[in-house]
Amino acid sequence: MKCKDVLDKPILEFLKEKDCWCTYGNGYSMPTVQDVMPKETPIKLQLAKMRQLKKRGLIDGCTCGCRGDFEITDKGLEYLEKN
Numbered sequence: 012m013k014c015k016d017v018l019d020k021p022i023l024e025f026l027k028e029k030d031c032w033c034t035y036g037n038g039y040s041m042p043t044v045q046d047v048m049p050k051e052t053p054i055k056l057q058l059a060k061m062r063q064l065k066k067r068g069l070i071d072g073c074t075c076g077c078r079g080d081f082e083i084t085d086k087g088l089e090y091l092e093k094n
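Just so you know, the numbering used here puts the end of the sequence shown at 94, numbered straight through with nothing missing.
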């Protein structure tokens, strides 16, 4: 599995819907982008995908491996409107 196998739109829609920061991996009581990625997506790949989205300016947050704090950006919202 590669980053290209994880779609952008479901992640961005999830972040928009939550309207709060989200984590990755097993979020326990926090919303996690893992919920909208293909089942069994490794944590390393989840972070790589989030790095790509951040680099493109569609999300903001920390991709160092801490809790993430991922949120959709205005550019991410524009992407959803166009797609």
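Quick reminder that beta carbons are idealized off the backbone N, C-alpha and C, glycines included.
Span separating the alpha-carbon of Glu24 from that of Leu91: So the alpha carbons of these two residues sit roughly 7 Å apart.
Distance between Ser40 and Asp19 (C-alpha atoms, nearest Å): 23 Å
Met61 burial status per 10 Å Cβ neighbour count (16 or more: buried): buried
Buried or exposed (CB count within 10 angstroms, at least 16 for buried), Ile54: exposed
Neighbourhood of Ala59 by C-beta, 7 Å cutoff - its chain only, sequence neighbours within 5 removed: Answer for Ala59: Cys14, listed in chain order.
Proximity to Leu69 [Cα-Cα], best of Cys75, Arg78, Asn94 and Pro49: Asn94
Counted within 10 angstroms of its Cβ, other Cβ atoms place Cys31 as buried (16 or more) or exposed: exposed
Endpoints, the alpha helix (DSSP H) within which Met61 is located: Segment Ile54 to Lys66, the alpha helix (DSSP H) holding Met61.
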